[in-house]
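Q: Protein chains in written order, with the numbering used here: chain P, 1 to 448; chain V, 449 to 896.
Note that the Cβ used here is the ideal one computed from N, Cα and C, for glycine as well.
These numbers were taken from a predicted model, which means no experiment stands behind them.
Let me begin by handing over the structure; questions about it come next.
There are 2 protein chains.
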Amino acid sequence: MTTPTQPPSSKPAQVTIKMMSAAHPNFDQELDQLLAWEAVSDASVAAVVSEVLAAVRIEGDQALLEYTRRFDGWNPEHAEQLVVSREDLVSALEQLPFDQRSALEAAASRIRTYHEHQRQESWQYREENDTVLGQKVTPMDRVGLYVPGGKASYPSSVLMNAIPAKVAGVEQITMVVPTPRGEVNDLVLAAAAIAGVDNVIKVGGAQAIAALAYGTETVPKVDKIVGPGNIYVATAKRAVFGEVAIDMIAGPSEILVVCDGKTNPDWIAMDLFSQAEHDEQAQAILISYSPGFVDQVKDSIERLLPTLERSDITQKAIEGRSALIEVSDLSQAIEMVNRIAPEHLELSIDDPEAVLPQIRHAGAIFMGRHTSEALGDYCAGPNHVLPTSGTARFSSPLGVYDFQKRSSIIMCSPKGASELGKVASVLARGESLEAHARSAEYRILKED
Amino acid sequence: MTTPTQPPSSKPAQVTIKMMSAAHPNFDQELDQLLAWEAVSDASVAAVVSEVLAAVRIEGDQALLEYTRRFDGWNPEHAEQLVVSREDLVSALEQLPFDQRSALEAAASRIRTYHEHQRQESWQYREENDTVLGQKVTPMDRVGLYVPGGKASYPSSVLMNAIPAKVAGVEQITMVVPTPRGEVNDLVLAAAAIAGVDNVIKVGGAQAIAALAYGTETVPKVDKIVGPGNIYVATAKRAVFGEVAIDMIAGPSEILVVCDGKTNPDWIAMDLFSQAEHDEQAQAILISYSPGFVDQVKDSIERLLPTLERSDITQKAIEGRSALIEVSDLSQAIEMVNRIAPEHLELSIDDPEAVLPQIRHAGAIFMGRHTSEALGDYCAGPNHVLPTSGTARFSSPLGVYDFQKRSSIIMCSPKGASELGKVASVLARGESLEAHARSAEYRILKED
Chain P
1 MTTPTQPPSS
11 KPAQVTIKMM
21 SAAHPNFDQE
31 LDQLLAWEAV
41 SDASVAAVVS
51 EVLAAVRIEG
61 DQALLEYTRR
71 FDGWNPEHAE
81 QLVVSREDLV
91 SALEQLPFDQ
101 RSALEAAASR
111 IRTYHEHQRQ
121 ESWQYREEND
131 TVLGQKVTPM
141 DRVGLYVPGG
151 KASYPSSVLM
161 NAIPAKVAGV
171 EQITMVVPTP
181 RGEVNDLVLA
191 AAAIAGVDNV
201 IKVGGAQAIA
211 ALAYGTETVP
221 KVDKIVGPGN
231 IYVATAKRAV
241 FGEVAIDMIA
251 GPSEILVVCD
261 GKTNPDWIAM
271 DLFSQAEHDE
281 QAQAILISYS
291 PGFVDQVKDS
301 IERLLPTLER
311 SDITQKAIEG
321 RSALIEVSDL
331 SQAIEMVNRI
341 APEHLELSID
351 DPEAVLPQIR
361 HAGAIFMGRH
371 TSEALGDYCA
381 GPNHVLPTSG
391 TARFSSPLGV
401 YDFQKRSSII
411 MCSPKGASEL
421 GKVASVLARG
431 ESLEAHARSA
441 EYRILKED
Chain V
449 MTTPTQPPSS
459 KPAQVTIKMM
469 SAAHPNFDQE
479 LDQLLAWEAV
489 SDASVAAVVS
499 EVLAAVRIEG
509 DQALLEYTRR
519 FDGWNPEHAE
529 QLVVSREDLV
539 SALEQLPFDQ
549 RSALEAAASR
559 IRTYHEHQRQ
569 ESWQYREEND
579 TVLGQKVTPM
589 DRVGLYVPGG
599 KASYPSSVLM
609 NAIPAKVAGV
619 EQITMVVPTP
629 RGEVNDLVLA
639 AAAIAGVDNV
649 IKVGGAQAIA
659 ALAYGTETVP
669 KVDKIVGPGN
679 IYVATAKRAV
689 FGEVAIDMIA
699 GPSEILVVCD
709 GKTNPDWIAM
719 DLFSQAEHDE
729 QAQAILISYS
739 PGFVDQVKDS
749 IERLLPTLER
759 SDITQKAIEG
769 RSALIEVSDL
779 SQAIEMVNRI
789 APEHLELSID
799 DPEAVLPQIR
809 HAGAIFMGRH
819 TSEALGDYCA
829 GPNHVLPTSG
839 TARFSSPLGV
849 YDFQKRSSII
859 MCSPKGASEL
869 GKVASVLARG
879 ESLEAHARSA
889 EYRILKED
């Protein structure tokens, strides 16, 4: 066990976190209830979004200006006022304190290195009769990045979204960020400068999504929109899906820690808090098969929670959708991991590598007692945009592959086309698609 | 030039296909109009779908039975009657005529070989201080495949959707297919047997999508739903997106042929027909920089169109959203390809490999005069599920990668965690996320 660090002195809080046991007869049902989460879809939001999308599509910049005045509390008169110049970005970077700038640059460099491993390459193979088959991989031309404004504005999120696109080879990244009451977040602009963002436009909300999806005089139309946002942004992204690509619409953040009982319980409590402090809906779950460990962590939670800057939000999340779960052994813990398919999984155990092959569903896997999730959020290298709410069953961390796409390559030799033509002809006629059949039959060589 | 084949004798049709020239002053605008296509979203359809989804979610099999009786015109009394047994699949395969069975098996084998090149592997790397970073690739557990019923029911589509999932390692594929008036398509069942589909359920429409997304007593809940369907199916897929993954919602099929004028114009006409015969909304475009070639193709179209089994649909498509376009040279043709981002691109030219590097956006590229698109639809190997309506700007052919997902791997050594902890701490405090900072700081070694 690692040495406990000295806890800050403060009166322990009374925290009513759920204590669950897999041995309890109603456990399965309780777990289902704990995990249940559904995106609110709100008819009044949908109506506003649909009006905003239509207005921006038709009126372009004029609509952007109007909605910005109405929703963001400042008064741009001309579309040029929405544009942040390259000089502003560079100056934001230059004005950063030294430690923040170095930390951002160190994080960016590690994120870039990691993501370079994800770049996919074109491939092809040649068959005996000289027919060539393959796939050509190409970056998207233009990508839009939504960055929330105000206090939820995170420079790390700019790095995590923009760098994979740049590694993919995307030529133009347009970032949109609302500036409530004209307030610009310099850390965010600095991160944009480091990540190589090409344009920054001071718009937000559904109007920003519309501008990226349809294009306006000032905002170039993009091929894909990524980045988190509030319910208006999420609803707008869902509405333009198909016109452009979008990333997954994220639910509240979650962490699942599996611990063998040999990690300092304070560490585990703080790891749970690092999710819980995000928002009241966040979910932090500990699973342990070491008898009594969940109680130790509960003590740490009660002692440490009052010492946090964001103790109110954290307490609401801990008392809301969070839980400490006791299970009988490691294999039951693993079964539960795959059932939950968590966004973040911490394996705070002796030999995490032995367990890895059995983990089927998780956004990111933090292995060993020293790998706190916070390291992954900022600077380890992997992306912090991860599938939430069990969607790790079918989706992946944001990556370079999200900004590349593929084209099939088929180049038949005359001999190859002749052989394939016979097969295609039978199948096409079986589907009553005669023109398909005849088009293939034209390529059947007489001597064949 | 290849020798023209003897045209079947029939009276030439009067076909009013659009003849366009890039030199025309209004060309850009005309092209935009030609390409404009928007999915109909119908409020009455959405209302029906929303009712069906809710009913199946709550009542399960009972709702499936009721909707099947109401919409499909047959009367299953028990849910077991919806299940096609493994024996039925095998018997459908065994009853196929020899040539159809061999063609299906040959196609399946080529599709499998091609898709095996797409399988992604896990990777990791170790840093100097023994920190390990990587990505683990895992197949999805369960996939649902929608197959339309009746005359739009295509065995090739079963192969193209199911084989990549199986190559990815998906354990359970559930196929749903409506059987209007109880009619089962034996070719489709035979294709399911060959492709290794695990369950087949005789339901269709929004109720089938609901069953796959939520699960019922008889239909297992899946992680992803793929396959084409009508507007009810597409609307239902869009509604369950997020709960499960879905493939792209396809628009009408399209082909863009670029020809240097040296291919037999009959071949080109038939290649255009092979898209046009799919449906009246289909789009077939020829671009040529060989003076007069578009007129030769027009003659072939008029001569060959009346000889087609599906001449009515084909003519409507050719007269609808199709066009023959004359451009000044190859480079103008390529520029237009990238602007259109076609689903199918035929490069019917002397040296297609020289042009390939300049093609940025296309679903599948058919290279050379002998490579007709029909070969790719059935048996060349690459997938025929391709991005339509310009979405090749941001999406890819269906592939093995659509059934795999990734988990980030982060395993910090104590030394690595200590170094990263310092960076994370600065960034977390910059974002006012103190618990993140403290969680990282716990891992900073004293001696560091």
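Can you tell me whether P:TYR154 is helix, strand or coil according to DSSP?
A: Here P:TYR154 sits in coil by DSSP.
Q: Assess contact between the stretch 321 to 334 of chain P and the stretch 15 to 24 of chain P, defined as three or more Cβ pairs (one per stretch) separated by less than 8 Å. Is contact present?
A: With the cut-off at 8 Å, the stretch 321 to 334 of chain P and the stretch 15 to 24 of chain P touch.
Q: Under 8 Å between beta-carbons, which chain V residues line up against P:GLY106? List them in chain order, please.
A: In the sequence as displayed, the identity of residue 106 of chain P is Ala instead of Gly. Ordered by position in chain V, the residues that pass the 8 Å Cβ test against P:ALA106 are VAL871.
Q: Would you kindly report the start and end of the unbroken beta strand (DSSP E) that includes P:ASN199?
A: Looking at the DSSP string, the run of the beta strand (DSSP E) that includes P:ASN199 is 199 to 201.
Q: Mind checking whether P:ARG112 and P:ALA380 have CB atoms under 8 Å apart?
A: Not a contact, by the Cβ cut-off of 8 Å.
Q: In angstroms with no decimal places, state the Cα-to-Cα distance between V:VAL705 and V:LEU720.
A: Those two C-alpha atoms are separated by around 8 Å.
Q: Do the stretch 430 to 439 of chain P and the stretch 827 to 847 of chain V meet, that is, are 3 or more Cβ pairs less than 8 Å apart?
A: With a cut-off of 8 Å, the stretch 827 to 847 of chain V and the stretch 430 to 439 of chain P do not count as touching, because too few Cβ pairs lie within range.
Q: Which residues, in order along the stretch 312 to 335 of chain P, keep a beta-carbon less than 9 Å from a beta-carbon of chain V?
A: Under the 9 Å Cβ criterion, the stretch 312 to 335 of chain P contributes THR314.
Q: In three-state DSSP terms, what is P:PRO139?
A: Note: P:PRO139 maps to strand in three-state DSSP.
Q: So which of P:PRO139, P:SER418 and P:PRO148 has the shortest CA-CA distance to P:GLU183?
A: Measuring from the Cα of P:GLU183, the nearest candidate turns out to be P:PRO148.
Q: Using alpha carbons as the reference points, say which of V:VAL496, V:ASN474, V:LEU479 and V:LEU875 lies closest to V:ILE679.
A: The residue with the shortest Cα to Cα distance from V:ILE679 is V:VAL496.
Q: If you draw a straight line from the alpha carbon of V:GLN510 to that of V:ALA656, how long is it in whole angstroms?
A: Those two C-alpha atoms are separated by around 13 Å.
Q: Taking the alpha helix (DSSP H) that V:ARG505 belongs to, which residues open and close that run?
A: Looking at the DSSP string, the run of the alpha helix (DSSP H) that includes V:ARG505 is 491 to 507.
Q: Using a Cβ-Cβ cut-off of 8 Å, state whether V:TYR662 counts as contacting chain P.
A: No, V:TYR662 does not count as interfacial toward chain P.
Q: Cβ of V:GLU879 less than 8 Å from any chain P Cβ?
A: For V:GLU879, the answer is yes, since a Cβ of chain P falls inside 8 Å of its Cβ.
Q: Whose C-alpha, out of V:LYS459, V:GLN572 and V:ILE649, is nearest the C-alpha of V:GLU528?
A: Here the closest residue by C-alpha is V:ILE649.
Q: Inspect the beta-carbon positions of P:GLY363 and P:PRO342 and report whether they are closer than 8 Å.
A: Yes, these two residues count as a Cβ contact at 8 Å.
Q: Express the C-alpha separation of P:GLU116 and P:HIS436 in angstroms, rounding to a whole number.
A: Taking the straight line joining both Cα atoms gives about 42 Å.
Q: Would V:ARG751 and V:PRO460 qualify as a contact pair, given that the criterion is a beta-carbon distance under 8 Å?
A: Going by C-beta atoms, V:ARG751 is nearer than 8 Å to V:PRO460.
Q: Classify V:HIS792 as buried or exposed, calling it buried when 16 or more other Cβ atoms lie within 10 Å of its own Cβ.
A: Flag for V:HIS792 reads buried.
Q: Nearest chain V C-beta to P:GLY149 closer than 8 Å, yes or no?
A: Not one chain V Cβ lies under 8 Å of P:GLY149.
Q: Closest to P:VAL158 by CA distance: which of P:GLN118, P:ASN199 and P:ARG339 is it?
A: Out of P:GLN118, P:ASN199 and P:ARG339, P:ASN199 has the C-alpha closest to the C-alpha of P:VAL158.
Q: Please state the DSSP three-state secondary structure of V:HIS472.
A: Here V:HIS472 sits in coil by DSSP.
Q: In angstroms, rounded to a whole number, what distance separates the CA positions of P:MET160 and V:ARG886?
A: About 22 Å.
Q: Taking only three categories from DSSP, how would you classify P:SER408?
A: Looking at P:SER408 - three-state DSSP - the assignment turns out to be strand.
Q: Whole angstroms are fine: how far does the CA of V:PRO739 sit from the CA of P:CYS412?
A: Going from the Cα of P:CYS412 to the Cα of V:PRO739 covers about 27 Å.
Q: Using a Cβ cut-off of 7 Å, pull out every chain V residue sitting near P:PHE98, in sequence order please.
A: Within chain V, no residue comes near P:PHE98; the closest Cβ sits about 10 Å away, beyond 7 Å.
Q: What are the boundary residues of the beta strand (DSSP E) that V:MET623 is part of?
A: It spans 620 to 624 - the beta strand (DSSP E) in which V:MET623 sits, taken as one unbroken run.
Q: Would you call the CB atoms of V:PHE851 and V:MET623 closer than 8 Å?
A: No; because the gap between Cβ atoms is not below 8 Å, this pair is not in contact.
Q: Please confirm if the stretch 351 to 369 of chain P is in contact with the stretch 305 to 319 of chain P, defined as three or more CB-CB distances below 8 Å between the two stretches.
A: Result no; under three Cβ-Cβ pairs closer than 8 Å.
Q: If contact means a Cβ-Cβ distance below 8 Å, which residues of the stretch 837 to 859 of chain V contact chain P?
A: Per Cβ criterion, the list reads THR839, ALA840, ARG841, PHE842, SER843, SER844, PRO845, GLY847, TYR849, LYS853, ARG854, SER855, SER856, ILE857, ILE858 and MET859.
Q: Inspect the beta-carbon positions of P:LEU93 and P:ALA190 and report whether they are closer than 8 Å.
A: Result yes, Cβ atoms of P:LEU93 and P:ALA190 sit closer than 8 Å.
Q: Determine whether the Cβ of V:PHE741 lies closer than 8 Å to any Cβ atom of chain P.
A: Not one chain P Cβ lies under 8 Å of V:PHE741.
Q: Which chain P residues are close to V:ASN831, counting only those with a beta carbon under 9 Å from its beta carbon?
A: Per Cβ cutoff of 9 Å: SER408.
Q: Could you name the residues of the stretch 358 to 383 of chain P whose beta carbon sits closer than 8 Å to any beta carbon of chain V, in the order they occur along the chain?
A: Listed in sequence order: ILE359, ARG360, HIS361, ALA362, GLY363, ALA364, ILE365, PHE366, MET367, GLY368, HIS370, THR371, SER372, GLU373, ALA374, LEU375, GLY376, ASP377, TYR378, CYS379, ALA380, GLY381, PRO382 and ASN383.
Q: Which term fits V:GLN454, buried or exposed, when burial requires 16 or more other beta carbons within 10 angstroms of its beta carbon?
A: Note that V:GLN454 scores 49 on pLDDT, short of 50, meaning its location in the model is unreliable; the coordinates nonetheless yield the value given after this. Classification of V:GLN454: exposed, given that the 10 Å Cβ count is below 16.
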